[in-house]
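In what follows, a structure is listed as C-alpha coordinates, so that the remarks can point back to it.
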Amino acid sequence: MRKSLACSILATTCMQAAEPTPADAWLAKSKIAPPLAVPTSLDAWQRQRMEIRTKLNELIGDLPPRPPVSSFQVVAKENKGSYTHETIQFDNGAGEIVKGYVFVPKNATPQSRAPAILYCHWHGGQYDSGKAEMLRTNATPVPAGPALARAGYVVLGIDAPCFGERNGGGPDGPQQKGGNGEMTAAKFNLWAGRTLWGMIVRDDLTALDYLCSRPEVDARRVGVTGISMGATRSWWIMAMDDRPCAAVCVGCMTRYEELIRAGMLKAHGIYYFVPGMLKHFDSEAVIALAAPRPMLFMTGDQDGGSPVEGVRKIGEIVSKVYALHGDAAAGRFENAIYPGVGHVYLPEMWEKTMRWMDQRVKN
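The numbering used here numbers the first residue of the sequence shown as 56 and each following residue consecutively.
Okay, structure coming up:
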(Lines of atoms letter the chains of each structure in order from A; the text may use other names.)
(Lines give C-alpha, C1' and ligand atoms only; values in the text may rest on other atoms or scores of the structure.)
Protein backbone atom coordinates (compact mmCIF):
# COMPACT_ATOMS: atom_id res chain seq x y z
CA MET A 56 0.00 0.00 0.00
CA ARG A 57 2.70 2.44 0.98
CA LYS A 58 4.70 1.63 -2.17
CA SER A 59 1.62 2.12 -4.37
CA LEU A 60 0.83 5.39 -2.64
CA ALA A 61 4.42 6.61 -3.15
CA CYS A 62 4.30 5.69 -6.84
CA SER A 63 0.98 7.48 -7.19
CA ILE A 64 2.39 10.63 -5.58
CA LEU A 65 5.50 10.44 -7.79
CA ALA A 66 3.39 10.02 -10.93
CA THR A 67 1.21 12.97 -9.95
CA THR A 68 4.29 15.12 -9.31
CA CYS A 69 5.76 14.20 -12.70
CA MET A 70 2.48 15.02 -14.43
CA GLN A 71 2.38 18.38 -12.71
CA ALA A 72 5.98 19.11 -13.71
CA ALA A 73 5.19 18.19 -17.31
CA GLU A 74 2.23 20.54 -17.58
CA PRO A 75 2.83 23.12 -20.33
CA THR A 76 3.71 26.63 -19.29
CA PRO A 77 2.45 29.80 -20.98
CA ALA A 78 5.88 30.02 -22.65
CA ASP A 79 5.45 26.50 -24.07
CA ALA A 80 2.10 27.50 -25.55
CA TRP A 81 3.51 30.68 -27.11
CA LEU A 82 6.49 28.81 -28.55
CA ALA A 83 4.32 25.99 -29.89
CA LYS A 84 2.43 28.50 -32.03
CA SER A 85 5.54 30.29 -33.25
CA LYS A 86 8.10 29.40 -35.86
CA ILE A 87 11.50 29.73 -34.26
CA ALA A 88 14.80 28.43 -35.54
CA PRO A 89 16.25 25.18 -34.19
CA PRO A 90 19.71 25.15 -32.58
CA LEU A 91 22.49 26.08 -34.98
CA ALA A 92 23.51 23.19 -37.20
CA VAL A 93 27.30 23.30 -37.45
CA PRO A 94 28.60 22.02 -40.81
CA THR A 95 31.31 19.39 -41.05
CA SER A 96 33.82 21.48 -42.99
CA LEU A 97 35.48 24.81 -42.34
CA ASP A 98 34.73 26.03 -45.87
CA ALA A 99 31.02 25.37 -45.36
CA TRP A 100 31.13 27.19 -42.04
CA GLN A 101 32.85 30.22 -43.57
CA ARG A 102 30.01 30.51 -46.09
CA GLN A 103 27.42 30.08 -43.34
CA ARG A 104 29.25 32.64 -41.21
CA MET A 105 28.96 35.32 -43.87
CA GLU A 106 25.27 34.52 -44.34
CA ILE A 107 24.62 34.91 -40.60
CA ARG A 108 26.52 38.22 -40.43
CA THR A 109 24.62 39.53 -43.44
CA LYS A 110 21.31 38.57 -41.85
CA LEU A 111 22.30 40.22 -38.54
CA ASN A 112 23.04 43.48 -40.34
CA GLU A 113 19.64 43.24 -41.98
CA LEU A 114 17.80 42.49 -38.73
CA ILE A 115 19.27 45.38 -36.70
CA GLY A 116 17.93 47.75 -39.31
CA ASP A 117 18.82 50.62 -41.59
CA LEU A 118 21.53 52.27 -39.50
CA PRO A 119 23.04 55.66 -40.37
CA PRO A 120 26.62 55.51 -41.66
CA ARG A 121 29.21 55.59 -38.89
CA PRO A 122 30.88 59.00 -38.50
CA PRO A 123 34.59 59.30 -39.38
CA VAL A 124 37.27 59.21 -36.70
CA SER A 125 37.92 62.89 -37.48
CA SER A 126 34.66 63.65 -35.64
CA PHE A 127 36.29 62.68 -32.33
CA GLN A 128 37.69 65.38 -30.07
CA VAL A 129 39.66 65.28 -26.84
CA VAL A 130 37.86 67.78 -24.60
CA ALA A 131 39.75 67.22 -21.33
CA LYS A 132 42.95 65.57 -20.19
CA GLU A 133 44.22 64.78 -16.69
CA ASN A 134 47.59 63.43 -15.61
CA LYS A 135 47.09 60.50 -13.22
CA GLY A 136 50.76 59.57 -12.83
CA SER A 137 51.03 56.15 -14.44
CA TYR A 138 48.37 57.01 -17.02
CA THR A 139 46.49 59.91 -18.57
CA HIS A 140 42.72 60.16 -18.29
CA GLU A 141 41.08 61.79 -21.31
CA THR A 142 37.47 62.76 -21.95
CA ILE A 143 36.54 62.47 -25.60
CA GLN A 144 33.39 63.23 -27.55
CA PHE A 145 32.00 62.77 -31.03
CA ASP A 146 28.86 63.60 -33.02
CA ASN A 147 27.35 60.20 -33.73
CA GLY A 148 25.53 61.45 -36.81
CA ALA A 149 22.18 60.36 -35.39
CA GLY A 150 21.25 63.34 -33.23
CA GLU A 151 23.54 62.96 -30.21
CA ILE A 152 26.93 64.00 -28.93
CA VAL A 153 28.54 60.95 -27.35
CA LYS A 154 31.18 61.18 -24.64
CA GLY A 155 33.71 58.63 -23.51
CA TYR A 156 36.78 58.11 -21.37
CA VAL A 157 40.22 57.07 -22.61
CA PHE A 158 42.92 55.81 -20.24
CA VAL A 159 46.41 55.98 -21.78
CA PRO A 160 49.43 54.38 -20.04
CA LYS A 161 52.45 56.70 -19.89
CA ASN A 162 54.57 54.19 -21.81
CA ALA A 163 52.09 54.04 -24.73
CA THR A 164 53.50 56.18 -27.56
CA PRO A 165 53.42 56.20 -31.38
CA GLN A 166 56.90 54.68 -31.22
CA SER A 167 55.91 52.02 -28.67
CA ARG A 168 52.33 51.14 -29.44
CA ALA A 169 50.30 49.48 -26.73
CA PRO A 170 47.52 46.88 -26.71
CA ALA A 171 44.04 48.25 -26.14
CA ILE A 172 40.69 47.33 -24.61
CA LEU A 173 37.27 48.53 -25.71
CA TYR A 174 35.30 48.47 -22.45
CA CYS A 175 31.50 48.10 -22.63
CA HIS A 176 29.56 49.15 -19.53
CA TRP A 177 26.58 47.27 -18.19
CA HIS A 178 22.91 48.18 -17.80
CA GLY A 179 21.84 47.25 -14.27
CA GLY A 180 19.19 49.99 -14.38
CA GLN A 181 22.05 52.41 -13.58
CA TYR A 182 21.29 54.96 -16.27
CA ASP A 183 23.35 57.71 -14.66
CA SER A 184 26.52 55.61 -14.69
CA GLY A 185 27.50 54.68 -18.25
CA LYS A 186 31.19 55.25 -18.97
CA ALA A 187 31.76 56.24 -15.31
CA GLU A 188 31.48 52.52 -14.52
CA MET A 189 35.16 52.34 -15.49
CA LEU A 190 35.96 54.51 -12.46
CA ARG A 191 33.71 52.65 -10.01
CA THR A 192 33.03 49.25 -8.50
CA ASN A 193 29.28 49.20 -9.15
CA ALA A 194 29.76 46.40 -11.72
CA THR A 195 33.36 45.22 -11.42
CA PRO A 196 35.49 44.30 -8.39
CA VAL A 197 37.94 47.12 -9.21
CA PRO A 198 37.66 50.34 -11.26
CA ALA A 199 38.32 48.78 -14.65
CA GLY A 200 39.71 51.80 -16.50
CA PRO A 201 42.63 52.60 -14.21
CA ALA A 202 43.32 48.92 -13.51
CA LEU A 203 43.64 48.06 -17.20
CA ALA A 204 45.68 51.19 -17.90
CA ARG A 205 48.14 50.33 -15.12
CA ALA A 206 48.43 46.89 -16.70
CA GLY A 207 49.57 48.52 -19.94
CA TYR A 208 46.37 48.80 -21.99
CA VAL A 209 44.91 51.87 -23.67
CA VAL A 210 41.25 51.70 -22.58
CA LEU A 211 38.23 53.33 -24.21
CA GLY A 212 34.60 53.24 -23.09
CA ILE A 213 31.66 55.36 -24.19
CA ASP A 214 28.18 56.11 -22.90
CA ALA A 215 25.70 53.78 -24.59
CA PRO A 216 22.40 55.35 -25.70
CA CYS A 217 20.32 56.44 -22.66
CA PHE A 218 23.25 56.08 -20.22
CA GLY A 219 25.66 58.43 -18.50
CA GLU A 220 25.59 61.85 -20.13
CA ARG A 221 23.11 60.47 -22.68
CA ASN A 222 20.50 59.81 -20.00
CA GLY A 223 17.65 62.11 -21.01
CA GLY A 224 19.15 62.65 -24.45
CA GLY A 225 16.52 60.68 -26.36
CA PRO A 226 13.84 62.03 -28.71
CA ASP A 227 11.60 63.15 -25.81
CA GLY A 228 14.49 65.02 -24.19
CA PRO A 229 15.24 65.44 -20.46
CA GLN A 230 11.62 64.84 -19.48
CA GLN A 231 12.17 61.16 -20.22
CA LYS A 232 15.11 59.64 -18.35
CA GLY A 233 15.97 56.16 -17.18
CA GLY A 234 13.71 53.36 -18.37
CA ASN A 235 11.25 55.80 -19.89
CA GLY A 236 14.00 57.36 -21.97
CA GLU A 237 15.17 53.94 -23.07
CA MET A 238 11.65 53.09 -24.15
CA THR A 239 11.22 56.27 -26.19
CA ALA A 240 14.57 55.68 -27.89
CA ALA A 241 13.48 52.14 -28.78
CA LYS A 242 10.16 53.42 -30.16
CA PHE A 243 11.84 56.10 -32.29
CA ASN A 244 14.32 53.66 -33.76
CA LEU A 245 11.60 51.17 -34.66
CA TRP A 246 9.73 53.90 -36.52
CA ALA A 247 12.97 54.85 -38.28
CA GLY A 248 13.38 51.29 -39.53
CA ARG A 249 16.12 50.24 -37.15
CA THR A 250 16.63 48.93 -33.62
CA LEU A 251 17.96 50.46 -30.43
CA TRP A 252 20.28 47.48 -30.16
CA GLY A 253 21.59 48.17 -33.64
CA MET A 254 22.33 51.77 -32.66
CA ILE A 255 24.12 50.63 -29.48
CA VAL A 256 26.39 48.30 -31.47
CA ARG A 257 26.86 50.95 -34.18
CA ASP A 258 28.16 53.46 -31.63
CA ASP A 259 30.43 50.79 -30.15
CA LEU A 260 31.88 50.07 -33.59
CA THR A 261 32.39 53.81 -34.07
CA ALA A 262 34.34 53.82 -30.81
CA LEU A 263 36.33 50.84 -32.09
CA ASP A 264 37.16 52.80 -35.25
CA TYR A 265 38.57 55.59 -33.11
CA LEU A 266 40.44 53.31 -30.72
CA CYS A 267 42.17 51.54 -33.61
CA SER A 268 43.12 54.91 -35.13
CA ARG A 269 44.86 56.22 -32.01
CA PRO A 270 48.60 56.63 -32.73
CA GLU A 271 49.65 54.95 -29.49
CA VAL A 272 47.46 51.88 -30.09
CA ASP A 273 48.54 48.68 -31.82
CA ALA A 274 45.34 48.00 -33.81
CA ARG A 275 46.32 44.33 -34.15
CA ARG A 276 46.04 43.91 -30.36
CA VAL A 277 42.59 45.14 -29.34
CA GLY A 278 40.31 43.24 -26.98
CA VAL A 279 36.75 43.89 -25.89
CA THR A 280 35.07 43.16 -22.58
CA GLY A 281 32.15 43.86 -20.27
CA ILE A 282 29.62 42.42 -17.85
CA SER A 283 25.88 41.96 -18.45
CA MET A 284 24.74 44.32 -21.22
CA GLY A 285 28.44 45.02 -21.66
CA ALA A 286 29.05 41.30 -22.23
CA THR A 287 26.31 41.15 -24.85
CA ARG A 288 27.75 44.25 -26.52
CA SER A 289 31.13 42.50 -26.51
CA TRP A 290 30.04 39.29 -28.22
CA TRP A 291 28.01 41.22 -30.77
CA ILE A 292 31.04 43.40 -31.56
CA MET A 293 33.08 40.23 -32.06
CA ALA A 294 30.34 38.90 -34.33
CA MET A 295 30.02 42.03 -36.46
CA ASP A 296 33.68 43.04 -36.78
CA ASP A 297 36.87 41.04 -37.24
CA ARG A 298 39.25 43.61 -35.73
CA PRO A 299 39.03 42.70 -32.01
CA CYS A 300 41.43 39.84 -31.40
CA ALA A 301 39.87 38.56 -28.15
CA ALA A 302 36.97 39.05 -25.74
CA VAL A 303 35.94 38.37 -22.16
CA CYS A 304 32.20 38.31 -21.43
CA VAL A 305 30.81 38.08 -17.89
CA GLY A 306 27.14 37.13 -17.58
CA CYS A 307 24.47 37.38 -20.28
CA MET A 308 25.53 34.27 -22.18
CA THR A 309 21.89 33.85 -22.97
CA ARG A 310 20.19 31.49 -25.38
CA TYR A 311 16.85 33.07 -26.15
CA GLU A 312 14.69 29.94 -26.35
CA GLU A 313 15.82 28.84 -22.89
CA LEU A 314 15.28 32.38 -21.61
CA ILE A 315 11.68 32.24 -22.85
CA ARG A 316 11.06 28.80 -21.39
CA ALA A 317 12.43 29.94 -18.03
CA GLY A 318 9.94 32.82 -17.95
CA MET A 319 12.78 35.33 -17.70
CA LEU A 320 12.20 37.73 -20.57
CA LYS A 321 11.72 40.26 -17.77
CA ALA A 322 15.44 39.97 -16.98
CA HIS A 323 16.41 42.04 -20.02
CA GLY A 324 15.37 45.54 -21.06
CA ILE A 325 13.74 46.55 -24.34
CA TYR A 326 17.16 47.49 -25.76
CA TYR A 327 18.01 43.78 -25.97
CA PHE A 328 15.47 42.58 -28.50
CA VAL A 329 16.05 42.35 -32.25
CA PRO A 330 12.81 41.83 -34.22
CA GLY A 331 12.66 38.64 -36.24
CA MET A 332 15.93 37.18 -35.00
CA LEU A 333 14.50 33.90 -33.71
CA LYS A 334 13.01 33.17 -37.12
CA HIS A 335 16.57 32.64 -38.35
CA PHE A 336 18.81 31.59 -35.43
CA ASP A 337 19.38 31.82 -31.70
CA SER A 338 22.26 33.58 -29.95
CA GLU A 339 24.77 30.75 -30.45
CA ALA A 340 24.87 31.75 -34.12
CA VAL A 341 25.97 35.25 -33.14
CA ILE A 342 28.59 34.07 -30.63
CA ALA A 343 30.00 31.52 -33.08
CA LEU A 344 30.93 34.28 -35.54
CA ALA A 345 33.88 35.17 -33.30
CA ALA A 346 35.68 31.90 -34.04
CA PRO A 347 38.58 31.24 -34.09
CA ARG A 348 39.45 34.34 -32.03
CA PRO A 349 39.80 33.79 -28.27
CA MET A 350 36.61 34.23 -26.24
CA LEU A 351 36.11 33.64 -22.53
CA PHE A 352 32.63 33.48 -21.00
CA MET A 353 32.07 33.46 -17.25
CA THR A 354 28.53 32.90 -16.01
CA GLY A 355 26.97 32.03 -12.67
CA ASP A 356 24.62 29.05 -12.74
CA GLN A 357 22.15 31.06 -10.61
CA ASP A 358 22.04 33.98 -13.05
CA GLY A 359 18.34 34.24 -13.87
CA GLY A 360 18.97 36.20 -17.04
CA SER A 361 21.19 33.40 -18.36
CA PRO A 362 19.46 30.04 -17.74
CA VAL A 363 22.25 27.53 -17.25
CA GLU A 364 20.71 25.02 -19.68
CA GLY A 365 21.09 27.61 -22.42
CA VAL A 366 24.61 28.49 -21.33
CA ARG A 367 25.65 24.86 -21.65
CA LYS A 368 23.93 24.45 -25.01
CA ILE A 369 25.67 27.53 -26.41
CA GLY A 370 28.98 26.18 -25.18
CA GLU A 371 28.45 22.81 -26.84
CA ILE A 372 27.49 24.31 -30.21
CA VAL A 373 30.13 27.05 -30.32
CA SER A 374 32.85 24.55 -29.31
CA LYS A 375 32.05 22.61 -32.49
CA VAL A 376 32.62 25.74 -34.58
CA TYR A 377 35.99 26.33 -32.92
CA ALA A 378 36.91 22.67 -33.52
CA LEU A 379 36.48 23.22 -37.26
CA HIS A 380 39.53 25.51 -37.10
CA GLY A 381 41.74 22.66 -35.92
CA ASP A 382 44.58 22.70 -33.42
CA ALA A 383 45.17 26.45 -33.95
CA ALA A 384 41.92 27.17 -32.11
CA ALA A 385 42.55 24.81 -29.20
CA GLY A 386 41.89 26.55 -25.88
CA ARG A 387 40.58 29.69 -27.55
CA PHE A 388 36.98 29.21 -26.42
CA GLU A 389 36.17 28.77 -22.75
CA ASN A 390 32.73 28.59 -21.20
CA ALA A 391 33.24 28.81 -17.44
CA ILE A 392 30.15 28.21 -15.27
CA TYR A 393 30.37 29.18 -11.59
CA PRO A 394 28.23 27.05 -9.21
CA GLY A 395 26.02 28.94 -6.76
CA VAL A 396 26.83 32.31 -8.36
CA GLY A 397 24.32 34.84 -9.64
CA HIS A 398 24.68 37.89 -11.86
CA VAL A 399 27.92 39.21 -10.36
CA TYR A 400 31.55 39.88 -11.26
CA LEU A 401 33.67 38.02 -8.71
CA PRO A 402 37.26 39.06 -7.88
CA GLU A 403 38.44 35.69 -9.20
CA MET A 404 36.63 36.43 -12.46
CA TRP A 405 38.49 39.74 -12.75
CA GLU A 406 41.80 37.96 -12.17
CA LYS A 407 40.90 35.49 -14.92
CA THR A 408 39.94 38.37 -17.22
CA MET A 409 43.36 39.94 -16.73
CA ARG A 410 45.16 36.65 -17.40
CA TRP A 411 43.09 36.05 -20.53
CA MET A 412 43.77 39.51 -21.92
CA ASP A 413 47.48 39.35 -21.06
CA GLN A 414 47.84 36.00 -22.82
CA ARG A 415 45.55 36.68 -25.80
CA VAL A 416 45.84 40.42 -26.43
CA LYS A 417 49.01 41.77 -24.87
CA ASN A 418 51.34 38.96 -25.97
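The beta carbon of each residue, even a glycine, is placed where N, CA and C say it ideally should be. This structure is a prediction, so every number in the text was calculated from the model and none was measured.
Beta bridge pairing from DSSP links residue 307 with no other residue.
Looking from the CA of residue 96, the closest CA among 298, 377, 390 and 395 belongs to 377.
Within the model, the alpha-carbon separation for residue 181 versus residue 257 is close to 21 Å. The beta carbons of residue 325 and residue 241 sit closer together than 7 Å. Runs of the beta strand (DSSP E) lying entirely within the region 313-387 and spanning at least 3 residues, in chain order: 350-355. Inclusion of residue 232 and residue 213 in the CB contact set at 7 Å is not warranted, their separation being larger than that value. Cβ neighbours of residue 112 within its own chain (closer than 8 Å, five residues either side excluded): 295. Excluding the 5 residues flanking it on each side, residue 399 has same chain C-beta neighbours closer than 7 Å at 355, in chain order.
DSSP lists 138 as the beta-bridge partner residues of residue 160. Between the alpha carbons of residue 174 and residue 200 lies a distance of about 8 Å. Secondary structure at residue 227: coil, using DSSP grouped into helix, strand and coil. Taken in chain order, the complete beta strand (DSSP E) segments of 3 or more residues contained in the region 165-235 are 169-175 and 209-213. In the three-state DSSP reduction, residue 395 falls in the coil class, being neither helix nor strand. Ranked by Cα distance from residue 388, the options 339, 147 and 238 are led by 339.
DSSP places residue 413 outside any beta strand (DSSP E), giving it a letter other than H or E. Two segments are said to touch when three or more pairs of C-beta atoms, one from each, lie closer than 8 Å; by this definition the region 98-114 does not touch the region 139-152.
In this model, residue 268 and residue 316 are separated by some 44 Å (Cα to Cα). If you check the CB distance, residue 332 and residue 114 come in under 7 Å.
Straight through space, the alpha carbons of residue 143 and residue 155 are spaced by roughly 5 Å. Minimum Cα-Cα distance from residue 299 among the listed residues 416, 320, 184 and 411 corresponds to 416. Between residue 172 and residue 210, the CB-CB gap stays under 7 Å. Going by beta carbons, residue 292 and residue 259 fall inside the 7 Å limit. Within the DSSP bridge table, the entry for residue 390 names 352 as partners. In the three-state reduction of the DSSP assignment, residue 145 falls in the strand class. Here residue 192 is exposed, its C-beta having fewer than 16 other C-beta atoms within 10 Å.
The beta carbon of residue 100 sits closer than 6 Å to those of 94 and 379, all from its chain and outside the five residues before and after it, given in chain order. With fewer than 16 neighbouring CB atoms inside 10 Å of its own CB, residue 136 falls in the exposed class. Residue 253: member of the alpha helix (DSSP H) spanning 251-268, first to last residue.
Setting aside the 5 residues that flank it on each side, residue 177 is surrounded in the same chain by 188, 194, 281, 282, 283, 284 and 285, each with a C-beta closer than 7 Å to its C-beta; the list follows chain order. The residue from 297, 303, 327 and 301 with its alpha-carbon nearest to that of residue 311 is 327. In this structure, the straight-line span from the alpha carbon of residue 81 to that of residue 89 is close to 16 Å. Look at residue 108 here: in three-state DSSP terms it is helix. Burial is judged here by how many other beta carbons sit within 10 angstroms of a residue's own beta carbon; residue 385 has fewer than 16 and is exposed. Spanning the alpha carbons of residue 323 and residue 250 requires a straight line of approximately 15 Å.
By the neighbour-count definition (other C-beta atoms within 10 Å, threshold 16), residue 167 is an exposed residue. Residue 314 and residue 357 have their C-alpha atoms spaced approximately 13 Å apart.
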